[in-house]
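All letters in the sequence shown, in the order written, are residues 1 to 78 by UniProt numbering.
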Amino acid sequence: PFKDMIEGMRMDLSKSRYMNFDELYLYCYYVAGTVGLMSVPVMGIAPDSKATTESVYNAALALGIANQLTNILRDVGE
Numbered sequence: 001p002f003k004d005m006i007e008g009m010r011m012d013l014s015k016s017r018y019m020n021f022d023e024l025y026l027y028c029y030y031v032a033g034t035v036g037l038m039s040v041p042v043m044g045i046a047p048d049s050k051a052t053t054e055s056v057y058n059a060a061l062a063l064g065i066a067n068q069l070t071n072i073l074r075d076v077g078e
C-alpha cells in the first residue's frame, strides 16, 4: 500500500479534476485507502475478534476512502 500511496501523491501534483467517479475513487484509494490498509497492522485485530482478516482490511480500506471523500466534500464549500 505504501507505493500506491506515493503514486497517489504523484497524481495529486498533476491532476486536480476527476472526470468520473471511477477516477475519483482510484485517487481516494491511493491517498487514503492505503492509509487505512497500513493502519491495520499498527492497530492490530483483537485476538477474540470473530471478524476475518480480509473483512478487517476491507473495512479499513472503505473507511479510508470514505474519509477522503468527506474531506473533498468539505473542501467544495471553501
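Built from N, CA and C at the ideal position, the CB exists for glycine as well.
About 17 Å separates the CB atoms of Leu-73 and Gly-33; that is not less than 8 Å, and the two are not in contact. Annotation for Ser-55: the continuous alpha helix (DSSP H) segment containing it runs 53 to 76.
When the beta-carbon positions are compared, Tyr-30 and Glu-7 come within less than 8 Å of each other. DSSP places Ala-32 in the helix class (H, G or I) of the three-state scheme. A direct Cα-to-Cα measurement between Ser-49 and Leu-37 gives close to 18 Å.
Pairing Met-11 with Tyr-27 gives a Cβ-Cβ distance under 8 Å.
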